[in-house]
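In my numbering, the protein residues as written are 50 to 355. Even for Gly, the Cβ is constructed at its ideal location relative to N, Cα and C. Keep in mind it's a predicted model, so treat the numbers as computed, not measured. Just below is one structure, and these are the notes that go with it.
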Amino acid sequence: MNGTAARTLTALEARWGRAGAVHFEERFGGLVAVLTTANANAVVALQGAQVLSFVPAGQDDVLWLSPAARLGTGRAVRGGVPICWPWFGAHPSDSSKPAHGLVRVRDWQVVGSASSVAHSRLVMAVAPAAGDGSLWPGGAWLQLEITLTDTLALALATENRGGDVLAITGALHTYLAVGDISNATIEGLSGRPYIDQLAAQVMHGDAAPVTITGEIDRIYQETADTVTVVDHARGRRVNIAKQGSRSTVVWNPWIEKNARLGDLGAEGYRRMVCVETANAGSDVVTLAAGARHRLFANISVEKIET
Ligand code: TA6
Numbered sequence: 050m051n052g053t054a055a056r057t058l059t060a061l062e063a064r065w066g067r068a069g070a071v072h073f074e075e076r077f078g079g080l081v082a083v084l085t086t087a088n089a090n091a092v093v094a095l096q097g098a099q100v101l102s103f104v105p106a107g108q109d110d111v112l113w114l115s116p117a118a119r120l121g122t123g124r125a126v127r128g129g130v131p132i133c134w135p136w137f138g139a140h141p142s143d144s145s146k147p148a149h150g151l152v153r154v155r156d157w158q159v160v161g162s163a164s165s166v167a168h169s170r171l172v173m174a175v176a177p178a179a180g181d182g183s184l185w186p187g188g189a190w191l192q193l194e195i196t197l198t199d200t201l202a203l204a205l206a207t208e209n210r211g212g213d214v215l216a217i218t219g220a221l222h223t224y225l226a227v228g229d230i231s232n233a234t235i236e237g238l239s240g241r242p243y244i245d246q247l248a249a250q251v252m253h254g255d256a257a258p259v260t261i262t263g264e265i266d267r268i269y270q271e272t273a274d275t276v277t278v279v280d281h282a283r284g285r286r287v288n289i290a291k292q293g294s295r296s297t298v299v300w301n302p303w304i305e306k307n308a309r310l311g312d313l314g315a316e317g318y319r320r321m322v323c324v325e326t327a328n329a330g331s332d333v334v335t336l337a338a339g340a341r342h343r344l345f346a347n348i349s350v351e352k353i354e355t
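As structure tokens, this is what we get:
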């Protein structure tokens, strides 16, 4: 660790560390916060305010993380919960801009921490950079609150502190770990319309749970429902409850895109599925001056009783 990182860690620990609950370390070549409660632990990178790990007591990690995960490379770490904001997917009018917005690779600042016998919390914020210009929505203020109990709760708050109406899309782009994608199903999206990103057309989901037998990239619309990934291989159900979102994205790259992306590992696609708590597609957040929006997800795990 270089001297600057060491001094930064010391300052973070002194200002925001909380014994037994919030601690700062260097991992993956960058600075992370480690959140601990009696029932779980989590790791959050300061880069992108990206949760990289969430491990409830007695469980394997709920989040999938690239074996090539490395901070400070200028590219978003693949895995955990990347923050997509102020746009989801490709920039609406300029394909030269980074996919999924501006803040995934920015260094966020710690602005708060808290703990009690039952919870550990970290609050982070990020401001526009000098060269952002109109890419950063005028006057928008952004903050992420991460609360660990036996579940992982993420609240992404956008406040319009400017005078113009803002239009925002985004997502908590959650990579869930599964024992085997071929032995997993996704409940909670039955009958919902979705934009099939692979066919660029709107489809209607049928009543059955979603199974994954090839590349899938869907923006489910008109849904505020909890989604559950039933991981039969690991004998657990992973629930993603949400607020402030009318769209849920389901993505798995499958074999060919797994090879093309190059940072999922040899058969990474078999061990992950993205279930993203989003404002995407027709689900655009419009903020009048002074208005505030909160994109919220709560991730919990239940054992499948046999
Ligand atoms: O959320 C699904 C998606 O938009 C996919 O199309 C795929 O591009 C994925 O996000 C990962 O995007 P990234 O820019 O992180 O490689």
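For this session: Give, in chain order, every unbroken run of the alpha helix (DSSP H) that is at least 4 residues long and sits entirely within the region 182-234.
Result: none
Exercise. So, is Q192 buried or exposed, given that buried needs 16 or more other C-beta atoms within 10 angstroms?
Worked result: buried
Exercise. So A346 is in the beta strand (DSSP E); what residue range does that whole segment cover?
Worked result: 341-352
Problem set entry | Length of the line joining the Cα atoms of G150 and T355 | 43 Å
For this session: Provide the residue span of the beta strand (DSSP E) that contains E62, from first to last.
Result: Segment 52-65 is the alpha helix (DSSP H) holding E62; no beta strand (DSSP E) there.
For this session: Compute the distance between the beta-carbons of E75 and A94, then report whether it is under 7 Å.
Result: no
For this session: Leaving aside the five residues before and after G78 along the sequence, list all residues of the same chain whose C-beta is less than 6 Å from its C-beta, in chain order.
Result: R119, L120, G121
Problem set entry | Heavy atom of the ligand TA6 within 6 Å of V298 beta-carbon | yes
Exercise. Leaving out five residues before and five after A163 in sequence, what residues of the same chain have Cβ atoms less than 7 Å from its Cβ?
Worked result: R170
Exercise. From R241 to V71, what does the alpha carbon distance come to, in whole angstroms?
Worked result: 40 Å
Problem set entry | With 16 other Cβ atoms within 10 Å as the buried cut-off, status of S115 | buried
Exercise. Taking buried to mean at least 16 other C-beta atoms within 10 Å of its own C-beta, is P135 buried or exposed?
Worked result: buried
Problem set entry | Closest residue to T5 among D110, V104, W185 (Cα-Cα distance) | With the chain covering only 50 through 355, there is no way to say anything about residue 5.
Exercise. Heavy atom of the ligand TA6 less than 6 Å from the Cβ of H342, yes or no?
Worked result: no
Exercise. What do you reckon, is the C-beta of D156 under 6 Å from a heavy atom of the ligand TA6?
Worked result: no
Exercise. When DSSP labels each residue in this structure, what does L336 get in the three-state scheme?
Worked result: strand
Exercise. Any heavy atom of the ligand TA6 closer than 6 Å to the CB of H149?
Worked result: yes
Problem set entry | Residue from A82, P177, W113 whose Cα sits closest to the Cα of R319 | W113
Problem set entry | Residue range of the unbroken alpha helix (DSSP H) whose run includes N307 | 303-310
Exercise. Less than 7 Å separating the beta-carbons of V298 and G237?
Worked result: no
Exercise. Hey, A226 and D110: beta-carbon distance below 7 Å or not?
Worked result: yes
Problem set entry | Limits of the beta strand (DSSP E) - the one that A82 falls within | 79-86
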